[in-house]
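Below is one structure; the comments refer to it alone.
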Amino acid sequence: MRKILLPLLCSLWLSAPAMAAIDTYEFETQAEQDRYRKLIEELRCPKCQNQNIADSNAPISLDLREETFRMMTEEKMTDEQIVDFLVERYGDFVRYKPPVDKRTLVLWYGPFALLGFGFLMLVIIVVRRRKDSHGPDSKASLSGDEQQRLNELLNQPRESADK
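Numbering (our numbering), first residue to last: 4 to 166.
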């Protein structure tokens, strides 16, 4: 009996933290629950940095989910008010989609500028190479002696392949 009871208790003890991460919030309507789910999926975990607070198991994400639920149910705040509160506390980093302003112009438009610059450089390189390969001073052009030898070879009568 002891051989069975000890492993069973150990497995229950080890699985306790996994059970603690499950959120159980009760909402009055399905629309309110959908609103909560949408909101926590739009907010980034300050610790994990690449996960939203819905998917993160970090303690701060748990606190942010509880705070979001509290603000929605007890204080009846709108989504914008909740996001503004969290942005005031954690900065624009807490949003997955930061607003477009002077500080975030490079973030929003930098990739397009780099792509345009790369395309412009590609066009310049292609145009220069075409100009170099088709120009009169091209390395591929033959000298006078080479051109004369080529003409002689092309004008020679062909020997028949029957021999």
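Ideal Cβ placement from N, Cα and C applies to all residues, glycine included.
Remember, it's a predicted structure, so these values are computed and weren't measured experimentally.
Taken in chain order, the unbroken stretches of alpha helix (DSSP H) that lie wholly in the region 84-144 and span 4 residues or more are 108-137. Secondary structure at R161: coil, using DSSP grouped into helix, strand and coil. Here L153 is exposed: its Cβ has fewer than 16 other Cβ atoms, across all protein chains shown, within 10 Å.
Bridge partners of L46 according to DSSP: R98. With a cutoff of 8 Å on beta-carbon distance, R92 and L46 are scored as not near each other. In this structure, R38 places its C-beta atom within 8 Å of the C-beta atom of D82.
Judged by DSSP secondary structure, F72 falls within the alpha helix (DSSP H) whose first and last residues are P62 to T76. Exposure of S144 is indicated by the presence of fewer than 16 other C-beta atoms within 10 angstroms of its C-beta.
Counting only residues of its own chain and dropping the five nearest sequence neighbours on each side, R73 has no CB closer than 7 Å to any other CB. Between the alpha carbons of T32 and T76 lies a distance of about 11 Å. The beta carbons of F88 and P49 sit no closer together than 8 Å. Annotated as proximal: N55 and I43, with beta-carbon spacing under 8 Å.
Taking all protein chains in view, the Cβ of I7 is surrounded by fewer than 16 other Cβ atoms within 10 Å, so the residue is classified as exposed. The DSSP-derived three-state label of N55 is strand. If you check the CB distance, T107 and P114 do not come in under 8 Å.
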